[in-house]
Amino acid sequence: MSSKDTYILGIESSCDETAAAVVKNGREVLSNVISSQIAIHTLYGGVVPEIASRKHIEKINQVVTEALKQAGMKITDCDAIGVTYGPGLIGPLLIGVSFAKGLSYASGVPLVGVHHIEGHISANYIENHELEPPFLCLVVSGGHTHLVRVKDYGEYEILGRTQDDAAGEAFDKVARAIGLGYPGGPKIDKVSKEGNPDAIHFPRAHVGDSEYDFSFSGLKSSVLNYLNSLEMKHEQYVQADVAASFQKAVVDVLVGNSVHAIEKFHADKFALAGGVASNSALREAMQKACEERGVKFYRPAPILCTDNAAMIGSAAYYDFKKGIRAGLDLNAVANLKLGERAY
Ligand code: KG4
Ligand code: ZN
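Note that the sequence shown covers residues 59 to 401 in the working numbering.
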């Protein structure tokens, strides 16, 4: 361990994954431990916040201990603890924040509060050591759909956002409607490979205050109407065709707005982030759109797209280097805005 290297313990608990990781110099992952609650929430068709909080309490100590062990480190070998403090489910967030504060107090290791979406964006730094701001980033997760200009580390301009459902939310709702269950995104991705994306034409909505805004609730309703109309005629729908046609409509809108921003801002680098960034059709379409325009394309490995703590350790590193420290009065903020610091 060299004294000029910086080691961050990242902790993430904003939704249904309890995660901890040790990251060196913001870019090198020494450990990345994720305890997923998917199996239990699947029973209810979605995340139940109270159950999520209880599971985080049960797991967090084990997960953090394992992350330090796999990295071959003690907590006092770390330069900082980075913890997600928003946005997310308030109960789950509070477990991570309280645990991190206790650990910081007991060990004397400084604390940095991390914005969850900033974490998703920072996942791109991990495998792409040459990637530096400025770049454009499409953040697509279960709770967020943002087209962002990353101007510098920690400096963001939101160009467009969803006016209603997040992209991941639309995947989850449509998956439920066609009997695929929770979590919908990966299941739609898989079954779409057997379907015809041009079988059904679902609408591509471009609405909102900004030319870069998104809307997915009309698309979701259109899928539900399609299913209902067939049911009334006692006809069967082809699950793979509905999935593939829906996925294509989502991807078309995401790529369309992204290309618009790339051209308007003459961007030369573009990154995907968030759980939906692991979608194979989106990755393929966005890569092609970037290649056609000579734009360098980045996306995290699938394991770093969905919730994890390595991305939190990476984001915390850049704040830590700027001298940003959270006090023991750090609180969880369920609706924290990107670019806002609540401590
Ligand atoms: O980023 P994430 O793990 O959690 C949030 O911060 O929300 O994103 C989870 C979302 C879920 O809606 C899930 O269905 C979606 O990402 N997702 C996918 C895929 N993998 C995960 N959506 C489409 N295709 C995938 N392969
Ligand atoms: Zn997330």
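Cβ atoms here follow ideal geometry from the backbone N, Cα and C, with glycine treated the same way.
Predicted model, so just to flag it, every value in this text is computed and none were measured.
Checking the 6 Å criterion, the Cβ of S199 is within range of a heavy atom belonging to the ligand ZN. By the neighbour-count criterion, in which 16 or more other beta carbons inside 10 Å mark a residue as buried, Q305 falls on the buried side.
The alpha carbon of G371 has as its nearest neighbour, out of V122, Q95, I98, the alpha carbon of V122.
Of the other Cβ atoms in all chains shown, fewer than 16 fall within 10 Å of the Cβ of D210; this residue is therefore exposed. Looking at the backbone, the Cα of G243 and that of G333 are separated by about 8 Å. Beta-bridge analysis with DSSP links L67 to V80, I139. Counting only residues of its own chain and dropping the five nearest sequence neighbours on each side, K159 has a CB closer than 7 Å to the CB of L169, L386, L388. The DSSP-derived three-state label of Y376 is helix. Across the set D74, G200, T64, I92, the C-alpha of T64 shows the shortest separation from the C-alpha of V81. Going by C-alpha positions, Q95 is about 7 Å away from K113. Its chain contains Q305, V309 as the residues whose beta carbon lies nearer than 6 Å to that of A339, once the 5 sequence neighbours on both sides are disregarded; these appear in chain order. The beta carbon of P191 sits closer than 8 Å to the beta carbons of V208, K209, D210, Y211, E213 from its chain, once the five residues preceding and following it are set aside; these are given in chain order. Three or more beta-carbon pairs separated by less than 8 Å link the segment 138-154 to the segment 70-79, which places the two stretches in contact. E176 carries a helical assignment under DSSP once its states are collapsed to helix, strand and coil.
Taken from the Cβ of P241, at least one heavy atom of the ligand KG4 lies inside 6 Å. Classified as buried, N90 has 16 or more neighbouring CB atoms from the shown chains inside 10 Å of its CB. Assignment of K127 by DSSP, reduced to helix, strand and coil, places it in the helix class. Beta bridge pairing from DSSP links I216 with V206.
Distances between the C-beta of D230 and the heavy atoms of the ligand ZN are all 6 Å or more.
Of the residues assessed, M290 falls on the exposed side of the cut-off, its CB having fewer than 16 other CB atoms within 10 angstroms. Y183 counts as buried, since no fewer than 16 other beta carbons sit within 10 angstroms of its beta carbon. Within the chosen limit of 6 Å, the ligand ZN reaches the beta carbon of D365 through at least one heavy atom.
Secondary-structure assignment with DSSP links E75 through a beta bridge to S94. Setting aside the 5 residues that flank it on each side, A329 is surrounded in the same chain by N182, F193, C195, Y356, each with a C-beta closer than 6 Å to its C-beta; the list follows chain order. Unbroken beta strand (DSSP E) runs of no fewer than 3 residues, entirely contained in the segment 325-388, are found at 327-331, 354-356, following chain order.
Under the three-state reduction of DSSP output, L196 falls in the strand class.
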